[in-house]
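Sequential numbering of the sequence shown, starting at 268, is according to the numbering used here. Ideal Cβ placement from N, Cα and C applies to all residues, glycine included. Right, one structure below, let's go through it.
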Amino acid sequence: MVTHLGTRGLVALAAAALLALSACANEADGGTASPSASSATTSAKNPVAITYDGGIYVLDGESLAVAHDVKLDGFNRVNPAGNDTHVVVTAADGFRVLDAVTGRMTDITYPGSKPGHVVLHGDRTILFTDGTGDVNSFDPKDLAKGKPEGRTYQTAQPHHGVAVELSDGTMVVTLGTDESRPGAIALDEQGKEIARSEECEGVHGEAVAKGEVVALGCEDGVLLFKKGTFVKVKGDRAYSAVGTQVGSEVSPIVLGDYKVDPDAEREFPEQFALVDTAAHTLRVVPMPKGVSYSFRSLARGPEGEGLILGTDGKLHVVDPAVGKIVSSWPVVGQWKEPMDWQQPRPALFVRGGDAYVTEPATKKVHRLDLATGKVVGSTSLGGIPNEISGTLSTH
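Below, the structure written as structure tokens:
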């Protein structure tokens, strides 16, 4: 996933006025979308964006006041855009860019069916559209001037994939079709293939560790790209799937989920993976007994510590160097991951020293201070919160 920055504050709740905007049809449920946003006279400081059924709440990251209620039908996802103003919205018809400070949808769009992963690394934001195989990479600072020129690439075949662009212009892109995803390739700045590996069946997700080492999840471990070549790090069994990973620029160790049942309709993992990208090892660490987590549970703290939101309602802090959970802080009530991945469950967004956690059961969102482990703010929402994200620089 991505880098994180942070802020401080207390609790408040403010109403937002609505202003209708035009919209797109929702392919998922056949409904029509009617985006709207609150008045431009209201602005959110260090915005946090939270989806609900029918729109997106934009909260002030310090006070947790609801600054904007952006109406948008259907199942939408939110992702950091990489600057201090914008959030990328994954909608039914493609990627859209929300000015989270003012609560207005911009006219910047990247149309395409099945928009998927949004990746941030360095000064690049990379969008991967599963239904077309289109990759769009751009400098997020350019969003302030309109749609960036950026860099484009199209995969040989559309698939559920991901791409990462490194500081020297190397782009790592997954390989796949609708039926199989066997690995990845690396392209130089001119788009010429310089490396390839098909030793990563089921390739999914990405993370970048210290030293610009890219990690991609496989059904039997992790595939690394480092120093111009691919390196496979295997799990401890034939099926040892890592599908969600988070990295830190200050740590060589990647935190990932770890699933071991190939026949499960929905596995509820009770262990996680720590992949040492320097030593090429994968360590499996158990969660507390009876505790699992979801793909929306993983993050990294400002010192590179691993963060896992468990089904016991606690935020578990992992020391990646020693491979242990060193603290467990209560945040929300106990919960269970739903079978449908689109359904709400507690979700985690970290920015610097702040962790924001949604609690669908109570329609609340909480802010936790990572220095103390204390919840320093909470607010109630009108709708049930689903996904959470925000801007990544202090505004």
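Assigned secondary structure, Pro-652 (DSSP; H/G/I helix, E/B strand, else coil): For the purposes of this step, residue 652 is taken as residue 385 along the sequence shown, with counting starting at 1. DSSP places Pro-652 in the coil class of the three-state scheme, outside both helix and strand.
Tell me whether Tyr-506 is buried or exposed, calling it buried when 16 or more other Cβ atoms sit within 10 Å of its Cβ. As a working note, residue 506 is residue 239 in the sequence shown. So Tyr-506 ends up on the exposed side.
Taking the alpha-carbon of Pro-553 as reference, which of Gly-568, Val-345, Arg-563 and Pro-536 has the nearest alpha-carbon? As a first step, residue 553 must be located in the sequence shown, where it is residue number 286. If we check each option's Cα against that of Pro-553, Pro-536 comes out closest.
Counting pairs of Cβ atoms below 8 Å between the segment 614–621 and the segment 587–596, do you hit three or more? The way I'd put it, the segment 614–621 doesn't touch the segment 587–596; fewer than three beta-carbon pairs between them come closer than 8 Å.
Using 10 angstroms around the beta-carbon of Ser-515, count the other beta-carbons present and answer buried if the total reaches 16, otherwise exposed. Reading the sequence shown from its first residue, position 248 is the one you call residue 515. Ser-515 should be labelled buried.
Output yes or no for whether 8 Å exceeds the beta carbon distance between Val-431 and His-471. Within the sequence shown, the letter at position 164 stands for residue 431. Within the sequence shown, the letter at position 204 stands for residue 471. Taking 8 Å as the cut-off, the Cβ atoms of Val-431 and His-471 do not count as close.
Once you ignore the five residues that flank Arg-363 on each side, which residues in its own chain have a CB closer than 7 Å to its CB? Here the question's residue 363 lines up with position 96 in the sequence shown. Around Arg-363: Val-356, Met-372 and Thr-376.
Sub-8 Å separation of Gly-398 and Gly-379 beta-carbons: Translated into positions along the sequence shown, residue 398 becomes position 131. Translated into positions along the sequence shown, residue 379 becomes position 112. For Gly-398 and Gly-379, yes; Cβs fall inside 8 Å.
What distance in whole Å lies between the Cβ atoms of Val-500 and Val-542, which are believed to be in contact at a cut-off of 8 Å? Walking along the sequence shown from the start, residue 542 turns up at place 275. Walking along the sequence shown from the start, residue 500 turns up at place 233. About 6 Å; that satisfies the 8 Å criterion.
Under 8 Å between C-beta atoms of Gly-428 and Gly-443: For the purposes of this step, residue 428 is identified with residue 161 of the sequence shown, where counting begins at 1. For the purposes of this step, residue 443 is identified with residue 176 of the sequence shown, where counting begins at 1. Gly-428 places its beta carbon less than 8 Å from that of Gly-443.
What does the alpha-carbon distance come out to for the pair Gly-383 and Val-345? By 1-based counting over the sequence shown, the position of residue 383 is 116. By 1-based counting over the sequence shown, the position of residue 345 is 78. Approximately 11 Å between the Cα atoms of the pair.
Would Ala-453 and Thr-437 qualify as a contact pair, given that the criterion is a beta-carbon distance under 8 Å? Translated into positions along the sequence shown, residue 453 becomes position 186. Translated into positions along the sequence shown, residue 437 becomes position 170. Yes, they are a contact pair.
Buried or exposed: Glu-446, going by 16 or more other Cβ atoms within 10 Å of its Cβ? Here residue 446 is taken as the residue at index 179 of the sequence shown, counted from 1. When all chains shown are included, Glu-446 counts as exposed.
Gly-510: which of Ala-531, Phe-562, Gly-649 and Arg-550 sits nearest, CA to CA? If you number the sequence shown from 1, residue 510 lands on position 243. Residue Phe-562 is the option with its Cα nearest to Gly-510.
Suppose the cutoff is 7 Å on Cβ atoms and the five residues either side in sequence are ignored; what does the same chain contact list for Ser-656 look like? As a working note, residue 656 is residue 389 in the sequence shown. Excluding positions up to five away in sequence, the list reads Ala-316, Val-345, Asn-346, Pro-347, Val-354 and Phe-616.
Where does Gln-610 land, buried or exposed, given buried means 16+ other C-beta within 10 angstroms? Counting from one through the sequence shown, the residue named residue 610 turns up at place 343. Exposed.
Can you grab the Cα-Cα spacing for the pair Pro-314 / Arg-504, in whole Å? Within the sequence shown, residue 314 is the residue found at index 47, counting from 1. Within the sequence shown, residue 504 is the residue found at index 237, counting from 1. Computed Cα separation, rounded: 42 Å.
Where does Asp-524 fall in DSSP's three states? Residue numbering aside, residue 524 sits at position 257 when the sequence shown is read from its first letter. Three-state result, Asp-524: strand.
Anyone know if the C-beta pair for Val-489 and Leu-483 falls short of 8 Å? Reading the sequence shown from its first residue, position 222 is the one you call residue 489. Reading the sequence shown from its first residue, position 216 is the one you call residue 483. Contact flag set, yes.
I'd like the span of the beta strand (DSSP E) that includes Ser-515, first residue to last. The sequence position of residue 515 within the sequence shown is 248, counting from 1. Bounds of the beta strand (DSSP E) holding Ser-515 are 512–515.
Flag this pair as yes or no: are the beta carbons of Gly-600 and Pro-587 separated by less than 8 Å? Stepping through the sequence shown from its first residue, residue 600 is reached at position 333. Stepping through the sequence shown from its first residue, residue 587 is reached at position 320. Inclusion of Gly-600 and Pro-587 in the CB contact set at 8 Å is not warranted, their separation being larger than that value.
In terms of residue numbering, what span does the beta strand (DSSP E) encompassing Met-372 cover? As a working mapping, residue 372 is identified with position 105 in the sequence shown. DSSP places Met-372 inside the beta strand (DSSP E), whose first and last residues are 371–378.
Between the C-alpha atoms of Ser-310 and Gly-523, what's the straight-line distance to the nearest angstrom? Position 43 of the sequence shown, counted from the first residue, corresponds to residue 310. Position 256 of the sequence shown, counted from the first residue, corresponds to residue 523. Between Ser-310 and Gly-523, the C-alpha separation is close to 36 Å.
Have a look at Thr-318 and Ala-462 and give me their C-alpha separation to the nearest angstrom. Taking the first residue of the sequence shown as position 1, residue 318 is located at position 51. Taking the first residue of the sequence shown as position 1, residue 462 is located at position 195. If you take the alpha carbons of Thr-318 and Ala-462, they lie about 38 Å apart.
Would you give the residue range spanned by the beta strand (DSSP E) that Arg-463 belongs to? The sequence position of residue 463 within the sequence shown is 196, counting from 1. Under the DSSP assignment, Arg-463 falls in the beta strand (DSSP E) whose first and last residues are 460–464.
Tell me the DSSP secondary structure of Ala-566 in three-state form. Along the sequence shown, read from residue 1 onward, the residue named residue 566 stands at position 299. Three-state result, Ala-566: strand.
If we count the other Cβ atoms within 10 Å of its Cβ and call it buried at 16 or more, is Val-589 buried or exposed? For this step, residue 589 is matched to residue 322 along the sequence shown. A residue is called buried once 16 or more other Cβ atoms fall within 10 Å of its Cβ, and Val-589, having fewer, is exposed.
Tell me the rounded alpha-carbon separation between Asn-653 and Val-624. By 1-based counting over the sequence shown, the position of residue 653 is 386. By 1-based counting over the sequence shown, the position of residue 624 is 357. Each residue's alpha carbon lies about 10 Å from the other.
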